[in-house]
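Letter by letter, the sequence shown follows residues 6 to 225 of my numbering.
Every residue gets a Cβ at the ideal spot worked out from N, C-alpha and C, and that includes glycine.
Keep in mind it's a predicted model, so treat the numbers as computed, not measured.
For reference, the structure discussed in these notes is given below.
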Amino acid sequence: RNNSELVAGWGNLVNRTAAMIAKSFGEIPRAGAGPQGRNAVEPVDEELLATVRGAFATVGGNLERHRQKAALAEVMRVVGEANAYVSKTEPFKLKGDDQRERLATVLHTLVQAVSDINTLISPFLPHAANRVHAVLGGEGEFMPMPRLDVVRDLDDESRSYPVITGEYTATPRWEPRPVVPGTPIKKPTGVFTKLDADTVIEAERARLSEPATTDPAQSA
């Protein structure tokens with residue numbers, strides 16, 4: 006179920022957001038100015054961003070109480086709201102010159118939501134969060150990963166041992182971060198690949214250096 010939700014929900018949201026921006030603007034657009042210079046942001050845009058902002062407290066609170074399942078469920082609920090926003094605003098239909106300001110506002114709102122959801126989901130999918138960060142035009146490592154280093158014993162330099170460490174000063178703050186208009190966005194490739202059970206099993210067998218098939222007579 007989680008695999009399907011990630012591909013159908015989160016992965017598709019990231020891909021189509023980046024694809025629409027790449028096709029229409031080639032960079033993160035500014036929100037449109039609207040007619041007579043009025044703000045082009047509409048209630049439907051504000052509602053989505055408010056939903057995403059509110060999720061930081063909910064998801065963070067669940068993680069603090071070690072309610073990981075509830076935290077992830079809230080993240081996926083917000084992903085659903087972002088997908089519903091696309092269905093409501095239909096940016097793929099905003100093709101006229103007179104609709105370009107509205108298209109810019111919708112895509113700006115959408116990429117802001119996707120960027121913040123990426124922070125929300127990063128505790129569960131740190132590797133994928135780095136890929137999404139790159140898809141959205143980000144540079145460097147978004148979610149620092151642990152690494153295994155070999156260090157020497159301070160009391161006996163002839164001895165060494167491995168330690169798990171990492172550079173965590175760059176870990177993103179647990180809060181919404183404004184996207185930067187003008188950031189180049191390229192046509193994306195798939196962030197997630199849906200795997201069937203057989204593929205997962207074969208990958209695990211290969212990782213463990215197990216034979217693909219086992220003769221029952223030999224294991225008896």
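C-beta atoms of residue i and residue j nearer than 8 Å
{"i": "A87", "j": "L18", "result": "yes"}
{"i": "I190", "j": "G142", "result": "yes"}
{"i": "T124", "j": "V111", "result": "no"}
Cβ separation of residue i and residue j, assumed to be a contact under 8 Å, to the nearest whole Å
{"i": "V83", "j": "I122", "result": "6 Å"}
{"i": "A118", "j": "L53", "result": "6 Å"}
{"i": "P128", "j": "L68", "result": "6 Å"}
{"i": "V57", "j": "P181", "result": "7 Å"}
{"i": "H113", "j": "R35", "result": "6 Å"}
{"i": "A133", "j": "V196", "result": "6 Å"}
{"i": "A62", "j": "E106", "result": "Not a contact, Cβ separation roughly 33 Å."}
Straight-line Cα distance separating residue j from residue i
{"i": "N20", "j": "V137", "result": "9 Å"}
{"i": "S92", "j": "G37", "result": "20 Å"}
{"i": "K74", "j": "A27", "result": "34 Å"}
{"i": "V64", "j": "D154", "result": "32 Å"}
{"i": "W15", "j": "K100", "result": "25 Å"}
{"i": "N135", "j": "P183", "result": "17 Å"}
{"i": "T25", "j": "P96", "result": "It should be noted that the sequence gives Met, not Thr, for residue 25. Spanning the two alpha carbons is a distance of roughly 8 Å."}
{"i": "K139", "j": "V116", "result": "The sequence as given places Ala at residue 139; Lys does not occur at that position. Using only the alpha carbons, I get a separation of about 13 Å."}
{"i": "R72", "j": "G66", "result": "8 Å"}
{"i": "I169", "j": "I126", "result": "23 Å"}
{"i": "Y90", "j": "T22", "result": "12 Å"}
{"i": "E47", "j": "Q104", "result": "14 Å"}
{"i": "E51", "j": "S120", "result": "16 Å"}
{"i": "M81", "j": "D102", "result": "35 Å"}
{"i": "V49", "j": "A55", "result": "10 Å"}
{"i": "G42", "j": "K98", "result": "Residue placement at G42 is flagged as unreliable, the pLDDT there being 48, under the threshold of 50; the coordinate-derived value follows with that caveat. So the two alpha carbons sit approximately 23 Å from each other."}
{"i": "A13", "j": "G85", "result": "10 Å"}
State whether the segment 153 to 170 contacts the segment 19 to 38, with contact taken as three or more CB pairs (one from each stretch) at a distance under 8 Å. no
Fully enclosed by the segment 95 to 174, which beta strand (DSSP E) runs are 3 residues long or longer? 152 to 157, 165 to 170
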